[in-house]
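What follows is a set of notes on a single structure, which appears directly below.
Residue numbers (my numbering): 1292 to 1461.
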């Protein structure tokens, strides 16, 4: 499976800091995503047309810290402590942009396709991760990947969530 999945990030889905500010945003408002979060990539609940969607895998959990800022009408949330990706084609910086209702990240990379003999084939891919703010500061969404060619050609969807480690600062 992809290194994104293996690192437990993908995203992107934090431990240690006791206070956080939960994502604050409603359609059309200025958004923020700050603090420590437990991020879960539901690799165990994959679906899609790629053979990779049918390969068994566990859910991946990671702890990360987000910091957001807005300038000139654009709000960006950055993962402050991303793990080093094992797949060289993945961007080292992890940023999400607020589109008015969701945090969105797009990337072009190479999916590490696990072949039946245990070797890895790197297939061209484009992914979009979308997080929608919900109750109690919890964000939910999907990590969608279109794999352009190769053995794993097709698409893979995995649910994602980000839960604040502690409640919002008041």
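By construction, the Cβ of each residue, glycine as well, lies at the ideal position given by its N, Cα and C atoms.
key: Extent of the continuous beta strand (DSSP E) run through residue 1448   = 1445-1455
query = Is the distance from the Cβ of residue 1330 to the Cβ of residue 1353 below 7 Å?
reply = yes
inquiry  = Rounded to whole angstroms, what is the Cα-Cα separation between residue 1394 and residue 1388?
reply    = 5 Å
message = Using 8 Å as the cut-off, can you tell me whether the region 1363-1377 makes contact with the region 1333-1352, which would need three or more C-beta pairs spanning the two stretches below that distance?
response = no
ask   = Would you call residue 1396 buried or exposed, if buried means 16 or more other Cβ atoms sit within 10 Å of its Cβ?
value = buried
message = Suppose you measure from the CA of residue 1323 to the CA of residue 1407; what does that come to, to the nearest Å?
response = 43 Å
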